Amino acid sequence: MSVQEVLPLGGVATGQSGDFRADHLLVAEMVKPGSKVLDVGCGEGDLLQLLEMRGIDGRGIELSREGVNRCVAKGLAVVQGDADTDLVNYPDDAFDYVILSQTLQATRQPRVVLENLLRIGRRAIVSFPNFGFWKMRLQLLIGGHMPRTENLPATWYDTANIHFCTIKDFVQLCDEINVKMERSVALDLYGRPVPLNLPWWVWNMFGEQGVFLLSRGEGK
Amino acid sequence: MQVAITRLIANEVDGQMGSVKSIPSPAISADERSHEVDHPSSQVAHFGTEQPLRLDCGVDLTPFQIAYQTYGELNAERSNAVLICHALTGDQHVANVHPVTGKPGWWETLVGPGRPIDPKHYFIICSNVIGGCMGSTGPASINPASGKVWGLDFPVITIPDMVRAQAMLIDRLGIDTLFAVVGGSMGGMQVLQWTAAYPARVFSALAIACATRHSAQNIAFHELGRQAVMADPDWHGGGYADHGIHPHRGLAVARMAAHITYLSDAALHRKFGRRMQDRELPTFSFDADFQVESYLRYQGSSFVERFDANAYLYLTRAMDYFDIAADHGGALAKAFADIKTRFCVVSFTSDWLFPTSESRALVHALNASSARVSFAEIETDRGHDAFLLDVPEFFDISRAFLQSAGKARGLKGS
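Encoded structure:
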């Protein structure tokens, strides 16, 4: 079963859900309707459109001018900005959720960005490609070259992704900076959630990407 | 500097510079222009002594009048009104033929049937600013106390004064909340002032190629323009109306200098390069050998046909004084605290008069206020004037922003 089939989303007709990316559907399902959301690195606004269909007040930041202008031309509230430098301009608790979808690995300071997400938002939703995925490991182990996949086709010298991590690495970072993981989902190559009852190392091996719902840990 | 400019102009007048062609005299007489000042070809809202306009300088302006144009119909809910704010040398004739010049409306690319701001959907209002010279009370109007033209006796006005006057007009029209306030350059300053002063009365704001304050460089250019006007002997200390003349040479120079700031190096190069005007070889004189010179002279002389020199002084001054943060204890975010207005901010890459960095500072302040804001920087080499030109990406963004706001406002057809 794919995410599209697993997750019935309010506001999104069943036939429509196939138009959206698996991780977007998963993220949209994690956000409570009626809340206020900031999507950091919103690309061309696909996730924001999905959120708005669900009655969520969505805002976006996007680095590329073309992406921003396409979002604004769709009527979305998106501004041009950089996750590394512009999150500091947002006040504490400005949003219910701050989303970082497939962008963490492209930031210069992932740890600072993550801390900012949970300062601006009461919750953060982070998704990223898992470098511990078996196909990645195999390419490095057998092929002896930096891994490239359908979702990450760029070569090592022209990729925007400068801080790859595995699901295990990310879980460790969350522990270090006292971030609570409320929900964790690993999606396999076909966008299907890896079954919940399996141990972490299986997730880290078979999850092509990780999607995490985070909140501030105790004492924060 | 004032002396030097005076001498240059005096020389031109005396014809002492050989083949120098001075800026041609205006084709439209001062009478035609001044008729529009007090008896505009527009609707006029009169405000009597019971409704003075309280100015920032401490003076109550009364009586006064506002000239305005409207397009489209106000709906039954009175929820579809769009206020267009004009720039420094604009006026209320945003989408109709200009009564003095006979040219099309100055923003027909954005406003009109089939355009992003379509009178089919919206009730569109555009008024001449206070201090202007196209029918709203300004330095070229008759001072009722003396029966003579105000001239420099007119009190100095500010952008907040202009907006206060517009709010009185909107009250008069029976409109509580504007669906949108839209403007570029000085018009954009008015948009921002509207949202800072009357946040609950502005549902959405489209602020284009503008800033929350006038920069030192921009004040410097304005000062250059004012000095050019004041150096013209025909200015007569601002009292030229009593002499039946208009300092058109000084005003034309001011316009030429300002016009350069509205363009860009790349745009000038693309448009004119070093091409000669109707000749193959240089004339070894100070005639307009280059096309760019001829173009600037034309810009200068056509401008003075429709604009009053003192009004130019007052309106540039109003822009110089504009600083929203200073009016809110130095913190820009405070000006927009808890604002519900939906914002769209647009800048252009080659605009060096109101560069993107100014828009970005505004956007940061709006983010800090958790305002709903869209911000797009549009790539073009056409400089500040891009907002008045045919830039499809800008129109797409404006249309989508207003449509999305219209949906949130429950407007039909948007």
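Read top to bottom, the protein sequences are chains A and B. Okay, so the first sequence: first residue is 674 according to my numbering, each after it adds one. Okay, so the second sequence: first residue is -18 according to my numbering, each after it adds one. Here a beta-carbon is modelled for each residue, glycine too, at the ideal position from N, C-alpha and C. The structure displayed is predicted, hence computed values, not measured ones.
DSSP state of Pro228 (chain B), grouped into three classes? Walking along the second sequence from the start, residue 228 (chain B) turns up at place 247. In the displayed model, Pro228 (chain B) falls within coil according to three-state DSSP, outside both helix and strand.
Does the beta carbon of Ser441 (chain B) sit closer than 9 Å to a beta carbon anywhere in chain A? Here chain B has residues from -18 to 395 only, and residue 441 (chain B) is not among them.
Cutting at 6 Å between CB atoms, please list the residues of its own chain near Trp829 (chain A), excluding the five before and the five after it. Taking the first residue of the first sequence as 1, we reach residue 829 (chain A) at position 156. Met819, listed in sequence order.
If you draw a straight line from the C-alpha of Leu724 (chain A) to the C-alpha of His697 (chain A), how long is it? Walking along the first sequence from the start, residue 724 (chain A) turns up at place 51. Walking along the first sequence from the start, residue 697 (chain A) turns up at place 24. Their backbone Cα atoms lie some 9 Å apart in a straight line.
Using three-state DSSP, classify Met237 (chain B) as helix, strand or coil. The sequence position of residue 237 (chain B) within the second sequence is 256, counting from 1. In the three-state DSSP reduction, Met237 (chain B) falls in the helix class (H, G or I).
Can you tell me whether Asn348 (chain B) is helix, strand or coil according to DSSP? Numbered from 1 along the second sequence, position 367 holds the residue referred to as residue 348 (chain B). Three-state DSSP puts Asn348 (chain B) in a helix.
For Leu36 (chain B), the first and last residue of its enclosing alpha helix (DSSP H): Reading the second sequence from its first residue, position 55 is the one you call residue 36 (chain B). From DSSP, Leu36 (chain B) is part of no alpha helix (DSSP H); its letter is neither H nor E.
Should Pro866 (chain A) be flagged as near chain B, meaning a C-beta pair shorter than 9 Å? The residue labelled residue 866 (chain A) in the question sits at position 193 within the first sequence. Cβ-Cβ to chain B under 9 Å: no for Pro866 (chain A).
Determine whether the beta carbon atoms of Leu34 (chain B) and Ile111 (chain B) lie at a separation below 9 Å. In the second sequence, residue 34 (chain B) corresponds to position 53, counting from 1. In the second sequence, residue 111 (chain B) corresponds to position 130, counting from 1. Yes, they are a contact pair.
Based on Cα-Cα distance, which residue from B:Gly86, B:Ala26, B:Arg96 and B:Leu313 lies nearest to Ala178 (chain B)? Taking the first residue of the second sequence as position 1, residue 178 (chain B) is located at position 197. Considering only B:Gly86, B:Ala26, B:Arg96 and B:Leu313, the residue with the shortest C-alpha distance to Ala178 (chain B) is B:Leu313.
Between which residues of its own chain and Arg856 (chain A) is the CB-CB distance below 6 Å, once the five residues before and five after are set aside? Position 183 of the first sequence, counting from 1, holds the residue named residue 856 (chain A). Closer than 6 Å at the Cβ level, and outside the excluded window around Arg856 (chain A), lie Leu886.
Which term fits Phe397 (chain B), buried or exposed, when burial requires 16 or more other beta carbons within 10 angstroms of its beta carbon? Outside the shown range of chain B, which is -18 to 395, sits residue 397 (chain B), and nothing can be said about it.
Counting contacts by CB-CB distance shorter than 9 Å, is Cys325 (chain B) in contact with chain A? Numbered from 1 along the second sequence, position 344 holds the residue referred to as residue 325 (chain B). It does: the Cβ of Cys325 (chain B) has a partner Cβ on chain A nearer than 9 Å.
What residues match up with Pro802 (chain A) in a beta bridge as DSSP calls it? For the purposes of this step, residue 802 (chain A) is taken as residue 129 along the first sequence, with counting starting at 1. Answer by DSSP bridge pairing, in chain order: A:Gln882.
My assumption, with CB atoms under 8 Å, is that Ala342 (chain B) sits in contact with Thr193 (chain B). Please give the rounded CB distance. Position 361 of the second sequence, counted from the start, is the residue given in the question as residue 342 (chain B). Position 212 of the second sequence, counted from the start, is the residue given in the question as residue 193 (chain B). Their Cβ separation, rounded to whole angstroms, is 7 Å, which keeps Ala342 (chain B) and Thr193 (chain B) in contact under 8 Å.
I'd like to know if Ile189 (chain B) contacts chain A, where contact means its C-beta is closer than 9 Å to some C-beta of that chain. The residue you call residue 189 (chain B) lines up with position 208 of the second sequence. By this cut-off, Ile189 (chain B) is not an interface position.
Using a C-beta cutoff of 9 Å, does Ile98 (chain B) count as contacting chain A? Here residue 98 (chain B) is taken as the residue at index 117 of the second sequence, counted from 1. Cβ-Cβ to chain A under 9 Å: no for Ile98 (chain B).
Is it the case that the Cβ atoms of Leu277 (chain B) and Met237 (chain B) are separated by a distance below 9 Å? In the second sequence, residue 277 (chain B) corresponds to position 296, counting from 1. In the second sequence, residue 237 (chain B) corresponds to position 256, counting from 1. Contact flag set, yes.
Of all the CB atoms in chain A, is at least one closer than 9 Å to the CB of Asn348 (chain B)? Reading the second sequence from its first residue, position 367 is the one you call residue 348 (chain B). Yes, because at least one Cβ of chain A sits closer than 9 Å to the Cβ of Asn348 (chain B).
Per-residue burial, Gln198 (chain B) [other beta carbons within 10 Å of its own, 16 or more giving buried]: For the purposes of this step, residue 198 (chain B) is taken as residue 217 along the second sequence, with counting starting at 1. Exposed: under 16 other Cβ atoms inside 10 Å.
Distance, Cα to Cα, Gly817 (chain A) vs Glu788 (chain A)? Position 144 of the first sequence, counting from 1, holds the residue named residue 817 (chain A). Position 115 of the first sequence, counting from 1, holds the residue named residue 788 (chain A). The straight-line gap from Cα to Cα measures roughly 35 Å.
For Phe45 (chain B) and Thr118 (chain B), the rounded distance between their alpha carbons: The sequence position of residue 118 (chain B) within the second sequence is 137, counting from 1. The sequence position of residue 45 (chain B) within the second sequence is 64, counting from 1. Looking at the two C-alpha atoms, the distance is approximately 6 Å.
Element boundaries [beta strand (DSSP E), containing Arg727 (chain A)]: Numbered from its first residue, the first sequence carries residue 727 (chain A) at position 54. Careful: Arg727 (chain A) lies outside any beta strand (DSSP E) and carries neither H nor E.
When the Cβ atoms of the region 196 to 214 of chain B are set against those of the region 317 to 329 of chain B, are three or more pairs found closer than 8 Å? no
Helix, strand or coil for Thr176 (chain B)? Go by DSSP, reduced to three states. Here residue 176 (chain B) refers to the residue found at position 195 when the second sequence is read from its first residue. Residue state, collapsed to three classes: helix.
Helix, strand or coil, according to DSSP, for Met115 (chain B) in the structure here? Your numbering for residue 115 (chain B) matches position 134 in the second sequence. Three-state result, Met115 (chain B): coil.
Closer than 9 Å by beta-carbon distance: list the chain A residues that pair up with Ser338 (chain B), in chain order. To locate residue 338 (chain B), count along the second sequence from 1; it is residue 357. Neighbours of Ser338 (chain B) on chain A: none; closest Cβ ~12 Å, over 9 Å.
Quick one, which of A:Ala767, A:Trp876, A:Ser774 and A:Val786 has its alpha-carbon nearest Ile840 (chain A)'s? Indexing the first sequence from 1 puts residue 840 (chain A) at position 167. The residue from A:Ala767, A:Trp876, A:Ser774 and A:Val786 with its alpha-carbon nearest to that of Ile840 (chain A) is A:Trp876.
Span of the beta strand (DSSP E), counted from its first residue to its last, around Ile138 (chain B): Looking up residue 138 (chain B) in the second sequence gives position 157. No beta strand (DSSP E) holds Ile138 (chain B); DSSP gives it neither H nor E.
What is the rounded straight-line gap between the Cα of Gln258 (chain B) and the Cα of Asp757 (chain A)? Here residue 258 (chain B) is taken as the residue at index 277 of the second sequence, counted from 1. Here residue 757 (chain A) is taken as the residue at index 84 of the first sequence, counted from 1. Approximately 52 Å between the Cα atoms of the pair.
Go to Ile47 (chain B), then tell me how far its beta strand (DSSP E) extends in each direction, as first and last residue. For the purposes of this step, residue 47 (chain B) is identified with residue 66 of the second sequence, where counting begins at 1. From DSSP, the beta strand (DSSP E) with Ile47 (chain B) extends over Phe45 to Tyr52.
Taking only three categories from DSSP, how would you classify Met854 (chain A)? Walking along the first sequence from the start, residue 854 (chain A) turns up at place 181. The answer is strand: DSSP assigns Met854 (chain A) an E or B state.
Taking Cβ positions only, does His227 (chain B) come closer than 9 Å to chain A? Your numbering for residue 227 (chain B) matches position 246 in the second sequence. No - not a single Cβ of chain A is within 9 Å of the one on His227 (chain B).
Kindly indicate the opening and closing residues of the alpha helix (DSSP H) around Tyr103 (chain B). If you number the second sequence from 1, residue 103 (chain B) lands on position 122. First-last for Tyr103 (chain B): undefined, no H or E at that position.
If you follow the beta strand (DSSP E) that His27 (chain B) is in, where does it begin and where does it stop? Position 46 of the second sequence holds residue 27 (chain B). Counting along the chain, the beta strand (DSSP E) containing His27 (chain B) begins and ends at Gln24 to Phe28.
Does any CB atom of chain A fall closer than 9 Å to the CB of Lys388 (chain B)? What you label residue 388 (chain B) is simply residue 407 of the second sequence in a count that begins at 1. So yes, Lys388 (chain B) belongs to the interface.
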